[in-house]
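Protein chains in written order, with this note's numbering: chain A, -16 to 120; chain B, 615 to 722. Built from N, CA and C at the ideal position, the CB exists for glycine as well. In this text the structure is predicted, and so the values were computed from the model without any measurement.
Here it is, written out as structure tokens:
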């Protein structure tokens, strides 16, 4: 293993539905801040995490406008971990499963996300020091 | 001796298979492996002293290092200084440390 580990994460959960997505991004953030190289294979609903058209919204029930509501957007969290990694000398290589993207019609991802296949996950794991699979239930 | 990091994210009051994951941790430890059980999300609920906490104490007695994510504890109002016997609060960094050192890591 090199001094600077390369870690792969496989994610499966869509945004806004389970704490696993938040925990996964917290873990990736820690690795990014350490300058580790991180590979992410997003499968099934997780391909929606970096979907570019996620939009903040007001909350009419509580009388808050868009700014006051400050609704969290996972695409911004993904962009933030990518930026943190670059600032610290690392890189986040995020691959969205293409079939999963097509099924969901979420082919507009933020910059830095590329399209791939489950074969990319095998390559990522093969090239990494360790891999964590965070499966959906 | 292999090193394992087992991550339990599920609430044993909600998911009966949590006990199987605890059994895996205990079995690996009794075989002489270094085993850390890291509780996260609702997996930290038995870290609050209660009816499901004894299993964690038994794991610690078997040689399993039992840690509970401090962020998950705070989210659920569980005081880190009042955890069940055998459980210690720890940051999420432990998972990245374990991955970086090459521990065999499983998420449940």
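For residue i and residue j, I'd like the C-alpha separation in whole angstroms.
| i | j | result |
| --- | --- | --- |
| residue -13 (chain A) | residue 2 (chain A) | 28 Å |
| residue 62 (chain A) | residue 648 (chain B) | 36 Å |
| residue 6 (chain A) | residue 699 (chain B) | 25 Å |
| residue 659 (chain B) | residue 630 (chain B) | 14 Å |
| residue 54 (chain A) | residue 39 (chain A) | 5 Å |
| residue 78 (chain A) | residue 651 (chain B) | 29 Å |
| residue 17 (chain A) | residue 73 (chain A) | 8 Å |
| residue 51 (chain A) | residue 45 (chain A) | 10 Å |
| residue -3 (chain A) | residue 89 (chain A) | 12 Å |
| residue 94 (chain A) | residue 674 (chain B) | 46 Å |
| residue 641 (chain B) | residue 615 (chain B) | 13 Å |
Taking the DSSP output, what are the residues bridged to residue i?
| i | result |
| --- | --- |
| residue 618 (chain B) | B:649 and B:718 |
| residue 76 (chain A) | A:22 |
| residue 34 (chain A) | A:92 |
| residue -7 (chain A) | A:24 and A:116 |
| residue 680 (chain B) | B:651 and B:701 |
| residue 624 (chain B) | DSSP output for residue 624 (chain B) lists no bridge partner at all. |
Tell me which residue opens and which closes the beta strand (DSSP E) that residue i is part of.
| i | result |
| --- | --- |
| residue 99 (chain A) | 96 to 99 |
| residue 684 (chain B) | Per DSSP, residue 684 (chain B) belongs to no beta strand (DSSP E); it is in the alpha helix (DSSP H), 684 to 689. |
| residue 5 (chain A) | From DSSP, residue 5 (chain A) is part of no beta strand (DSSP E) but of the alpha helix (DSSP H) over 2 to 16. |
| residue 84 (chain A) | Careful: residue 84 (chain A) lies outside any beta strand (DSSP E), inside the alpha helix (DSSP H) at 81 to 87. |
| residue 703 (chain B) | 701 to 704 |
For residue i, tell me which candidate among the options has the shortest Cα-Cα distance.
| i | options | result |
| --- | --- | --- |
| residue 64 (chain A) | A:117, A:14 and A:-8 | A:14 |
| residue 59 (chain A) | A:11, A:34, A:43 and A:-7 | A:34 |
| residue 81 (chain A) | A:68, A:103, A:-10 and A:8 | A:103 |
| residue 84 (chain A) | A:20, A:30 and A:-9 | A:30 |
| residue 118 (chain A) | B:677, B:679, B:623 and B:708 | B:623 |
| residue 621 (chain B) | B:679, B:666 and B:694 | B:679 |
| residue -1 (chain A) | A:28, A:115 and A:97 | A:28 |
| residue 645 (chain B) | B:719, B:710, B:617 and B:687 | B:617 |
Going by DSSP, what residue range makes up the alpha helix (DSSP H) through residue i?
| i | result |
| --- | --- |
| residue 670 (chain B) | 668 to 675 |
| residue 115 (chain A) | Residue 115 (chain A) -> not in any alpha helix (DSSP H); beta strand (DSSP E) instead, spanning 113 to 117. |
| residue 58 (chain A) | 57 to 70 |
| residue 632 (chain B) | 632 to 644 |
Quiz item: Does the pairing of the region 665 to 679 of chain B with the region 632 to 649 of chain B give three or more beta-carbon distances under 8 Å?
Solution: yes
Exercise. Could you tell me whether the region 24 to 31 of chain A touches the region 701 to 711 of chain B, using the rule of 3 or more Cβ pairs below 8 Å?
Key: no
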